[in-house]
Amino acid sequence: MKAFYYIITLFLSVLYVQDAVSQSAPPQRRTPRQQAENKESGLPSLSVRAEAKNQEQTQDVGTVPWLREVYRWIDVTKDDNAALYYPTYPVGDRMNLFTLLFKLMAQDKIKGYKYLEGREVFTDKNLVSFEDILKRFEITYTTQKNGTKTEYIIDDSDIPSGEVLLYLIKEASYFDEATGTFNTSVIAISPTIVQQEDEFSDVIKEPMFWLTYDEIRPYLAQSKIMTSNYNNAMTYTMDDYFRKRMYKGEIVKTTNMMNKSLVQIVGNKKEALKQAQDSIESQLKVFEAQLWLPKDTATVTSSSTKSNKSSKSTTTKSSRSSSSGTKTEKASKPQKTTTEKASSSPTKSVRRR
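If you use the working numbering, the sequence shown corresponds to residues 31 to 383, in order.
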């Protein structure tokens with residue numbers, strides 16, 4: 031009986047040791063084959079360290095005490111945003127933002143969500159199929175089977191990166207109570223195809239899908255871009271570009287209870303839209319300025335008292351000098367002599383005598 035208990039105890043101890051070893055084991059690294067495939071495709075490889083860093087940078091804005099969500103159009107044809115557009119087609123290992131996102135979706139490394147008119151819901155229910163995107167926008171492709179997985183083969187010239195002239199980004203300006211900081215970060219991004227048949231027809235903007243920034247951040251952090259025409263060194267990454275807010279974009283909507291855009295609220299007039307956009311920008315700046323306390327009132331009061339005292343002493347000195355000068359002037363005035371007094375007195379007329 032004792033031997034039976036001994037065997038059971040030994041078996042349980044072995045299971046405990048195996049479980050502890052499995053939990054302490056490091057995450058599985060990328061195999062050399064996977065690294066080689068990423069290198070051939072020109073896409074950045076996502077290491078275990080990059081995944082861990084991305085989890086640290088993820089911010090749950092749903093728990094902050096103050097939040098303002100803003101939507102902006104980013105026009106990549108303008109100089110401030112051209113870094114996201116050029117090169118239009120891949121040149122060596124360089125590619126623009128849409129080509130990078132498109133290839134990542136083709137390899138099933140990132141997920142896209144349906145673009146809905148209204149509030150965005152990033153759930154599995156609203157996931158979009160990459161093949162549906164290819165068919166919807168009439169992109170030429172071929173497929174091949176790799177075991178149970180379907181691979182999509184698209185030529186670089188067939189990727190519509192030259193037609194994606196706009197990006198709709200969703201920003202979140204929030205106050206982080208845990209760190210006591212005010213931040214603005216990108217929550218989601220939507221590539222938008224712009225089409226116009228001729229110069230007289232209307233411009234058609236067709237958003238393709240939504241991508242959450244938390245999911246694409248680790249890839250953007252490894253993709254360098256050139257941001258200056260005077261310095262051709264690629265010193266910034268795409269993540270730096272968004273995190274440092276180097277882009278310029280016009281506000282088209284804010285999250286509101288009625289779920290209306292600025293055009294629906296103020297109309298199509300440029301003056302009214304510009305005034306509404308400036309008002310939103312100023313509201314964000316005013317709120318950030320109000321978070322920080324001004325200078326200590328006691329310090330301000332003491333400094334103002336000292337300045338008042340110094341001004342009073344200066345005034346007193348000047349008044350004293352002016353009064354002494356007046357006395358000197360009075361003392362220096364010559365007194366009238368007897369002759370002057372006589373001459374000043376009226377004289378009797380001889381004729382009247």
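We put the beta carbon where it would ideally sit given N, CA and C, even for glycine.
Check                                                                                                                                                                        : Outcome
Rounded to a whole number of angstroms, what is the C-alpha to C-alpha distance between E280 and D105?                                                                       : 9 Å
Any chance the region 186-200 sits against the region 119-136, with 3 or more Cβ pairs inside 8 Å?                                                                           : yes
Compare the beta carbon distance of D269 and R247 with 8 Å and say whether it is the shorter of the two.                                                                     : yes
Use the C-beta contact count for I255: other C-beta atoms within 10 angstroms, 16 or more gives buried, fewer gives exposed.                                                 : buried
What first and last residue would you give for the beta strand (DSSP E) that runs through E280?                                                                              : E280 to T284
Taking the beta carbon of Y260 as the centre, do at least 16 other beta carbons fall within 10 Å, making it buried, or is it exposed?                                        : exposed
According to DSSP, is Y145 part of a helix, a strand, or is it coil?                                                                                                         : coil
At the level of alpha carbons, what is the spacing between M264 and Y115?                                                                                                    : 15 Å
Please go through the region 245-276 and give each complete beta strand (DSSP E) segment of 3 or more residues, from N-terminal end onward.                                  : none
When you compare each of K235, Y277, E229 and E99 to K290 by their alpha carbons, which one comes out closest?                                                               : E99
With a cut-off of 8 Å on the beta carbons, I'd call Y277 and S220 a contact; round off their distance for me.                                                                : In fact, because the Cβ distance is near 14 Å, the residues do not count as touching under 8 Å.
Just the C-alpha distance for T242 and L157, rounded to the nearest angstrom, thanks.                                                                                        : 12 Å
What residues match up with T242 in a beta bridge as DSSP calls it?                                                                                                          : A218
Could you give the DSSP three-state label for T153: helix, strand or coil?                                                                                                   : coil
Which of the three DSSP states, helix, strand or coil, is assigned to K133?                                                                                                  : helix
Any chance the region 133-147 sits against the region 231-242, with 3 or more Cβ pairs inside 8 Å?                                                                           : yes
Would M135 be called buried (16 or more neighbouring beta carbons within 10 Å of its own) or exposed?                                                                        : buried
Quick one, which of T93, M288 and Q305 has its alpha-carbon nearest G148's?                                                                                                  : M288
Name the DSSP beta bridge partners of V121, please?                                                                                                                          : R124
What residues are listed by DSSP as bridge partners for L198?                                                                                                                : W103 and S220
Could you say which of N262, A112, L321 and K283 lies nearest to T209 if we only look at CA atoms?                                                                           : L321
Expressed to the nearest angstrom, what Euclidean distance is found between the alpha-carbon atoms of Y266 and T257?                                                         : 7 Å
Quick one: what's Q225 bridged to in DSSP?                                                                                                                                   : I234
What does S75 pair with, by DSSP beta-bridge criteria?                                                                                                                       : Looking at the DSSP assignment, S75 forms no beta bridge with any residue, so it has no partner.
So what does DSSP say about D308, is it helix, strand or coil?                                                                                                               : helix
Give me, in chain order, the residues of the same chain whose beta-carbon lies closer than 7 Å to that of Q294; leave out the 5 immediate sequence neighbours on both sides. : none
Candidates R166, S75, W103 and F167: which alpha carbon is nearest Q137's?                                                                                                   : S75
In terms of residue numbering, what span does the beta strand (DSSP E) encompassing E207 cover?                                                                              : First-last for E207: undefined, no H or E at that position.
Cα-Cα, which of E161, A302, Y204 and E245 is closest to F152?                                                                                                                : E245
Which one of E161, F167, D186 and R166 has the shortest CA to CA distance from Q174?                                                                                         : E161
According to DSSP, is E181 helix, strand or coil?                                                                                                                            : strand
Among the residues of its own chain, which have a CB less than 8 Å from the CB of D308, if the five just before and after it don't count?                                    : none
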